[in-house]
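Notes to accompany the following structure.
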Amino acid sequence: MARTFILCAALLSAAAASAEIVIAQVSPTKGPLAVTAVGNHDGARAYIESVNAQGGVNGQKIRFVHEDDQYKPEETVRLVELVAARDKPLAFVNLFGSANVLALQSAKVFDRVKVPAIGATPGAEGMRKPGSPWIFHTHAGDQAQIRHILRHLSTLGISRIALAYQDNPMGKSGLGHFNEAVAELKLEVRGRVAVPPVGEQLAATAKKLQETGAQAYVMVLVRNSGAALVRDVRAAGDRTPMYAMSYVPAEAILEKAPLESAVGVGVAQVMPNAGADKTLLAREFRAAMRRYVPNAEPSNPHLTGYVAARVAVEAIRRAGPSPTPEKVMAAMRQVRLDLGGLPQDFSDGQNVGTQWVDIGVVDRRGQLMY
């Protein structure tokens, strides 16, 4: 009897050790904004594959599940519920799209499926305040980015500002934070120009900005719109300094504009420089990308996904040898660590792990310098 019990216990222990655990992502794979979501996915995959190569988490390999929501909020809601029921993930990573995340929150999807989601783009504050207790944000939000840009301009002695903002939930939220910050810093707003969602023909917007006579333009825009606006402003011969949110990487600008148009554009950053080995986090990330996503040039969207996956895996590890979504959720509330250049602190009831922001400037190599 005792030997049988010991044998059964050993078999159960071996089965538990060999069982896989699931991390899931629901995000778009096509369309003008999908390149960022795909970058998030590939960065997360690079980290997950590196963990699996070392034996997994507590002896269990990770299966990374992905479903394409086509950037449609109703599909995001449907697919999160489907994946939660079908695949039983311990966590979701890298939610994508302000309207998509707000739809999840409005429908109280995570309250029903009871699976934590770690990482979300963009950083619209409506996704964070009040947000959802099940959604954890691993990079600074739009409010922190906008305030950092405006403080930087104020420090430089630039006081006359014009804003181009996306006519979507992210942009409208950013407009509110812009208005609050310029009032606090006593900056003069020369114009506020709305840009259609994912708009790319922005010569008229560029003309409106130039007519304001502002000393600098701030862009609260998504990737393709921000890059298109840089192109169209510079094509009009306007050399006014331009500052974008982190959603507009240097490579996106260079896809639409010549190098001489991109040089000098400032971009708020919520991740350490993915293109340089300046931090331990960047070095480990770049090594994982070289091994597991060798055909991609490491970028900050990749690093954003890598960080979210790394935090998720840390919480799963802390949840112990028999993790459940509820245990992972509880473990997230104890996560407090430095990833090697980027702090993450979700203790004390926080759902935003960091407020770290920097500003990169596009240099003559077409890369961000910071």
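The sequence shown lines up with residues -19 to -1, 1 to 351 when you count with mature numbering (1 follows the signal peptide of the UniProt record, and there is no 0).
Don't be surprised by glycine CBs; every beta carbon is placed ideally from N, CA and C.
Keep in mind that this is a model prediction, so the values were computed, not measured.
Chain C within 9 Å of residue i, Cβ atoms only
i: Y351; result: The chain inventory of the structure shown lacks chain C, comprising one protein chain alone.
Reference residue i; option with closest CA among the options
i: G194; options: S87, I29 and R171; result: R171
i: M310; options: V96, Q6 and Y52; result: V96
i: K69; options: A5, N149, G341 and L240; result: A5
i: K188; options: A217, V3 and L323; result: A217
i: S242; options: T17, R212, A268 and I43; result: R212
i: I116; options: N149, H133, N81 and V251; result: N81
i: N254; options: P111, H47 and G341; result: G341
i: G112; options: V229, L323, V333 and G155; result: V333
i: D50; options: V61, T221 and F266; result: V61
i: E307; options: E56, H22, F91 and R67; result: F91
i: I29; options: L190, S140, E265 and V94; result: E265
i: V274; options: S31, T17, A18 and E1; result: S31
i: I2; options: R204, H129, D258 and A293; result: A293
i: R220; options: Q196, Y351, R267 and R291; result: Q196
i: T10; options: G152, Y52 and R291; result: Y52
i: E106; options: G138, S328, I130 and Q336; result: Q336
i: G245; options: L210, T17 and G347; result: G347
i: D258; options: R215, L137 and M350; result: M350
i: E48; options: S8, D329 and H22; result: S8
i: G322; options: Q315, L261 and R314; result: L261
i: Q250; options: G155, N33 and A225; result: A225
i: T119; options: A25, L240, T186 and A184; result: A25
i: Q191; options: L131, L210, Q325 and V201; result: L210
i: R291; options: T17, I43, V16 and D329; result: I43
i: T186; options: L202, V214 and V201; result: V214
i: R93; options: M108, P103 and R59; result: R59
Residue i, DSSP secondary structure in three states
i: N75; result: strand
i: G155; result: helix
i: A88; result: coil
i: L349; result: strand
i: G37; result: coil
i: G207; result: helix
i: T186; result: helix
i: P302; result: coil
i: I2; result: strand
i: Q191; result: helix
i: Y28; result: helix
i: L202; result: coil
i: A15; result: helix
i: F(-15); result: Any reading at F(-15) must be qualified, since the residue scores a pLDDT of 39, below 50, and its modelled position is unreliable; the value itself is stated next. Helix.
i: M310; result: helix
i: D49; result: coil
i: A225; result: strand
i: D319; result: strand
i: D344; result: coil
i: P324; result: strand
i: D329; result: coil
i: T57; result: helix
i: A(-10); result: Residue placement at A(-10) is flagged as unreliable, the pLDDT there being 43, under the threshold of 50; the coordinate-derived value follows with that caveat. Here A(-10) sits in helix by DSSP.
i: G107; result: helix
i: V214; result: helix
i: V82; result: helix
i: R44; result: strand
i: D339; result: strand
i: T102; result: strand
Residue i burial status per 10 Å Cβ neighbour count (16 or more: buried)
i: S87; result: exposed
i: I(-14); result: Any reading at I(-14) must be qualified, since the residue scores a pLDDT of 44, below 50, and its modelled position is unreliable; the value itself is stated next. Exposed is the call here.
i: G256; result: buried
i: E55; result: exposed
i: G12; result: exposed
i: L(-9); result: A caution first: L(-9) carries a pLDDT of 39, below 50, which makes its placement in the model unreliable, though a value can still be read off. Burial call: exposed.
i: S79; result: buried
i: R317; result: exposed
i: Q315; result: exposed
i: R204; result: buried
i: Q35; result: exposed
i: A(-3); result: Confidence is the limiting factor: at A(-3) the pLDDT is only 43, short of 50, which leaves the residue's position unreliable, though a coordinate-based value still follows. It is exposed - the Cβ of A(-3) has fewer than 16 other Cβ atoms within 10 Å.
i: N21; result: buried
i: S328; result: exposed
i: residue 361; result: Residue 361 falls outside the range modelled here, since the chain spans only -19 to 351, and no answer is possible.
i: L183; result: buried
Contact between the region 286 to 301 and the region 62 to 76: three or more CB pairs below 8 Å? Touching, per the Cβ criterion.
query: Does the region 293 to 303 come close enough to the region 34 to 41 to have 3 or more Cβ pairs within less than 8 Å?
result: Taking a cut-off of 8 Å for Cβ pairs, the region 293 to 303 and the region 34 to 41 touch, as three or more such pairs fall below it.
Check: Where in the region 228 to 291 do unbroken runs of the beta strand (DSSP E), each at least 3 residues long, occur, reported from the N-terminal end onward?
Finding: For the region 228 to 291, the full-length beta strand (DSSP E) segments reaching 3 residues or more read 247 to 250 along the chain.
*Enumerate, from N- to C-terminal direction, the unbroken alpha helix (DSSP H) stretches of 4 or more residues contained entirely within the region 119 to 178.*
With a minimum length of 4 residues, the continuous alpha helix (DSSP H) runs that stay inside the region 119 to 178 are 123 to 136 and 150 to 166.
Is the region 171 to 180 close to the region 228 to 236, with three or more CB pairs under 8 Å? No, the region 171 to 180 does not touch the region 228 to 236.
- Should the region 117 to 125 be regarded as contacting the region 143 to 150, the criterion being three or more beta carbon pairs within less than 8 Å? By the C-beta criterion, the region 117 to 125 is judged not to be in contact with the region 143 to 150, since fewer than 3 inter-stretch pairs fall below 8 Å.
Note to self: Within 8 Å, do at least three Cβ pairs link the region 97 to 105 to the region 157 to 165?
What the structure shows: Output reads no: the region 97 to 105 does not touch the region 157 to 165.
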